[in-house]
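**Q** Quick one: the structure is below, questions incoming.
Numbering (UniProt numbering), first residue to last: 1 to 288.
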């Protein structure tokens, strides 16, 4: 994080207790050793940083290198610190479900699923490839260095903002609300950012936590999101149909069993959608 960029730091420095307990460090994902000082003396490390874009002109330098090399650099720094009890890496459902298996209504995706790098590359799904390779590298490095590693694999994250800048998933959500983008005819694996944050904390604090955790509040068609928006914000000029007239894709399921065992009680979609819009209003991003 660039400690000299107010857009990336002011919201953190304004948190309760930040003055007494928060220290910010400058680090570079591609620079080996740049995380040494940040993790020194820690008991737990959360590696959450990875570029997110679906339109990279140079996937290797823009997505794959920062994801893979960044993850390895963090873990190499952690391997030097004996006080670290566990490392939590933010992976993604992108590293779970892209393996050419048919997604039919009887399918239940769980933590035993892994995305296929070859399939991701064939489909030119570069973000999915980056997250898949990064998680693979994390597990290999953790095994080699004796690191207690847990990965959190969230879906499409929505929910209230604490920072002034928009995340890519929130930008996409906002574009549809604003009517600048016709909503796509597709299935979304939605999850509230507060559930994702809680999963990270529980994965560190619960001694029994291990392996991977799919963190998805629900699998839904985007039309369901629009029904919620119409209900609470009837003045929004929302699209009346998806970008094509094909029948809705069938839904599949993502297991919540392991997430629930971690203590996650998922926030209902209606609450997440409404809180996202209210956050937009509070931050002056939209007016309704």
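C-beta atoms are modelled at their ideal positions from N, C-alpha and C, and glycine is treated no differently.
Which class does residue 231 belong to by DSSP, given the choice of helix, strand or coil?
**A** helix
**Q** When you compare the CB of residue 196 with every CB in chain D, is at least one pair closer than 8 Å?
**A** The structure shown contains no chain D; it is built from a single protein chain.
**Q** How should residue 39 be labelled, buried or exposed, when 16 other C-beta atoms within 10 angstroms of its C-beta is the threshold for buried?
**A** buried
**Q** Beta carbon of residue 80, beta carbon of residue 116: below 8 Å?
**A** no
**Q** Using CA coordinates, which residue listed in 50, 104 and 167 is at the minimum distance from residue 27?
**A** Put simply, of 50, 104 and 167 the residue whose alpha carbon is nearest the alpha carbon of residue 27 is 50.
**Q** In chain order, what residues of the same chain have a beta carbon less than 8 Å from the beta carbon of residue 220, not counting five sequence neighbours either side?
**A** Only residues of its own chain outside the window of five on either side were considered, and among them 187, 188, 190, 251 and 269 have a CB closer than 8 Å to the CB of residue 220, listed in chain order.
**Q** Distance check for residue 24 and residue 7, CA to CA, integer angstroms please.
**A** Going by the C-alpha atoms only, they are around 14 Å apart.
**Q** Alpha carbon to alpha carbon, how far is residue 72 from residue 110?
**A** 25 Å
**Q** Considering residue 198, what are the terminal residues of the alpha helix (DSSP H) in which it resides?
**A** 193-205
**Q** Within its chain, find whatever has a CB closer than 7 Å to the CB of residue 275; leave out the 5 residues flanking it on each side and keep chain order.
**A** Excluding residues within five positions, the ones whose Cβ falls inside 7 Å are 159 and 160.
**Q** Looking at C-beta atoms only, is the number of pairs between the stretch 209-226 and the stretch 254-266 that lie closer than 8 Å three or more?
**A** yes
**Q** Relative to the alpha-carbon of residue 155, which residue among 124, 193, 148 and 137 has its alpha-carbon at the smallest distance?
**A** 193
**Q** What do you reckon, are the CB atoms on residue 92 and residue 43 nearer than 8 Å?
**A** no
**Q** Between which two residues does the alpha helix (DSSP H) harbouring residue 71 extend?
**A** 65-79 is the extent of the alpha helix (DSSP H) around residue 71.
**Q** Might you give, ordered along the chain, the residues of its own chain that have their beta carbon closer than 6 Å to the beta carbon of residue 30, omitting 5 neighbours on each side?
**A** 69
**Q** Would you kindly report the start and end of the unbroken beta strand (DSSP E) that includes residue 151?
**A** It spans 149-154 - the beta strand (DSSP E) in which residue 151 sits, taken as one unbroken run.
**Q** Measure from the alpha carbon of residue 176 to the alpha carbon of each residue in 229, 128 and 162, then state which is nearest.
**A** 229
**Q** If I follow the unbroken beta strand (DSSP E) through residue 213, where does it start and stop?
**A** 211-215
**Q** May I have a chain-ordered list of the alpha helix (DSSP H) segments no shorter than 4 residues that lie completely inside the stretch 97-180?
**A** 117-122, 126-145 and 168-177
**Q** Have a look at residue 131 and residue 100 and give me their C-alpha separation to the nearest angstrom.
**A** Residue 131 and residue 100: Cα-Cα distance of roughly 17 Å.
**Q** Out of curiosity, what's the CA-to-CA distance linking residue 267 and residue 283?
**A** 22 Å
**Q** For the putative contact between residue 174 and residue 280, defined by C-beta atoms under 8 Å, what is the C-beta separation to the nearest angstrom?
**A** 7 Å
**Q** Verify whether the separation of the beta carbon atoms of residue 152 and residue 90 is less than 8 Å.
**A** yes
**Q** Roughly how many whole angstroms lie between the Cα atoms of residue 289 and residue 10?
**A** Because the chain is modelled from 1 through 288, residue 289 falls outside the range shown and cannot be assessed.
**Q** Can you tell me where the alpha helix (DSSP H) with residue 276 in it begins and where it stops?
**A** 269-282
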